[in-house]
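**Q** Residue numbers (our numbering): 3 to 154. Even for Gly, the Cβ is constructed at its ideal location relative to N, Cα and C. Here it is, the structure, as structure tokens.
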Amino acid sequence: MDNKFMKAALKCAKKAKEEGEVPIGAVVVLDGKIIARGHNRRTARQIATAHAEIEAIEKACKKLKSWRIPECEIFVTLEPCPMCMGAMLNARIKKVTFGAYEAKGRSMTKELAQSNLLNHRIEVEGGVMESDCAQILSSFFSDMRARERGCE
Numbered sequence: 003m004d005n006k007f008m009k010a011a012l013k014c015a016k017k018a019k020e021e022g023e024v025p026i027g028a029v030v031v032l033d034g035k036i037i038a039r040g041h042n043r044r045t046a047r048q049i050a051t052a053h054a055e056i057e058a059i060e061k062a063c064k065k066l067k068s069w070r071i072p073e074c075e076i077f078v079t080l081e082p083c084p085m086c087m088g089a090m091l092n093a094r095i096k097k098v099t100f101g102a103y104e105a106k107g108r109s110m111t112k113e114l115a116q117s118n119l120l121n122h123r124i125e126v127e128g129g130v131m132e133s134d135c136a137q138i139l140s141s142f143f144s145d146m147r148a149r150e151r152g153c154e
């Protein structure tokens with residue numbers, strides 16, 4: 003399997019890390035082409051909803067001039083939180099592919115994807131390039147803890 007879209011999401015995550023943000027990246031794909039990219043910006047924007055997925059979905063909707071983007075797929079480096087899954091359901095995205103699993107089990111990804119809350123279900127695939135996606139997160143938090151202890 004060619005992981006070019008997850009690799010692109012990882013590039014977005016690296017950009018977030020360079021900006022001091024939690025390194026999560028996302029890309030929205032339509033007809034085999036990336037139409038939108040996003041990365042976490044919560045710290046820079048001081049907005050709780052400034053997640054990578056939300057940014058990418060908003061850009062895709064603007065590009066396609068519709069809040070419904072049912073032919074699109076999203077690739078994200080970390081299993082989506084419930085808020086982001088809600089946005090994906092609302093936008094009618096057909097599939098979410100994620101890399102690392104949410105280690106604390108707070109995501110409810112599969113339950114929300116299949117819940118039919120909005121007369122829509124999302125196909126879910128997890129664990130794509132899981133170790134690469136997990137590594138960027140673990141190194142970010144390890145570095146952050148070291149800085150907090152003054153052990154840089």
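Work out the CA separation of Leu-80 and Ile-26 for me, nearest whole Å.
**A** Along the sequence shown, one-based indexing puts residue 26 at 24. Along the sequence shown, one-based indexing puts residue 80 at 78. Going from the Cα of Ile-26 to the Cα of Leu-80 covers about 6 Å.
**Q** Among the residues of its own chain, which have a CB less than 8 Å from the CB of Ile-36, if the five just before and after it don't count?
**A** Here residue 36 corresponds to residue number 34 of the sequence shown, with the count starting at 1. Excluding positions up to five away in sequence, the list reads Phe-7, Ala-10, Val-29 and Val-30.
**Q** Under 8 Å: do the segment 61-70 and the segment 98-114 share three or more Cβ pairs, one atom per stretch?
**A** Judged by Cβ distances under 8 Å, the segment 61-70 makes no contact with the segment 98-114, as fewer than three pairs qualify.
**Q** Output the boundary residues of the alpha helix (DSSP H) element that contains Lys-35.
**A** Taking the sequence shown and counting its residues from 1, one reaches residue 35 at position 33. First-last for Lys-35: 35-41, but that is the beta strand (DSSP E), not the alpha helix (DSSP H).
**Q** Let me know if Pro-82 comes out buried or exposed under the rule of 16 or more other beta-carbons within 10 Å of its beta-carbon.
**A** Here residue 82 refers to the residue found at position 80 of the sequence shown. By the 10 Å Cβ count, Pro-82 comes out buried.
**Q** For Glu-57, count neighbouring Cβ atoms within 10 angstroms of its own Cβ and tell me buried if that reaches 16, exposed if not.
**A** Position 55 of the sequence shown, counted from the first residue, corresponds to residue 57. It is buried - the Cβ of Glu-57 has at least 16 other Cβ atoms within 10 Å.
**Q** In the DSSP output, which residue or residues are listed as bridge partners for Ala-28?
**A** In the sequence shown, residue 28 corresponds to position 26, counting from 1. DSSP, once it has assigned bridges, lists Gly-40 and Val-78 as partnering Ala-28.
**Q** Distance check for Ala-38 and Glu-55, CA to CA, integer angstroms please.
**A** Residue numbering aside, residue 55 sits at position 53 when the sequence shown is read from its first letter. Residue numbering aside, residue 38 sits at position 36 when the sequence shown is read from its first letter. Approximately 10 Å, taken between the alpha carbons.
**Q** Take Phe-77 as the anchor and find which of Cys-135, Thr-45 and Lys-17 has the nearest alpha-carbon.
**A** By one-based count along the sequence shown, residue 77 stands at place 75. Nearest of Cys-135, Thr-45 and Lys-17 to Phe-77, Cα basis: Cys-135.
**Q** How long is the line joining the alpha carbons of Ile-43 and Glu-60, rounded to whole angstroms?
**A** In the sequence shown, counting from the first residue as 1, residue 43 sits at position 41. In the sequence shown, counting from the first residue as 1, residue 60 sits at position 58. Just to set this straight, residue 43 is Arg in the shown sequence, not Ile. Their Cα atoms are separated by approximately 14 Å.
**Q** How is the alpha helix (DSSP H) around Gly-22 delimited, first residue to last?
**A** Your numbering for residue 22 matches position 20 in the sequence shown. Gly-22 -> no alpha helix (DSSP H), and no H or E assigned at all.
**Q** Among the candidates Asn-5, Asp-4, His-41 and Asp-33, whose CA atom is the shortest distance from the CA of Glu-20?
**A** Residue 20 sits at position 18 when you count from the first residue of the sequence shown. For Glu-20, the nearest C-alpha among the options comes from His-41.
**Q** Have a look at Gly-152 and Asp-145 and give me their C-alpha separation to the nearest angstrom.
**A** Looking up residue 152 in the sequence shown gives position 150. Looking up residue 145 in the sequence shown gives position 143. Spanning the two alpha carbons is a distance of roughly 10 Å.
**Q** In the DSSP assignment, what residue or residues form a beta bridge with Thr-99?
**A** By one-based count along the sequence shown, residue 99 stands at place 97. DSSP, once it has assigned bridges, lists Phe-77 and Glu-127 as partnering Thr-99.
**Q** Is Ala-46 helix, strand or coil by DSSP?
**A** Taking the first residue of the sequence shown as position 1, residue 46 is located at position 44. In the structure shown, Ala-46 sits in a helix (DSSP, three-state: H, G or I).
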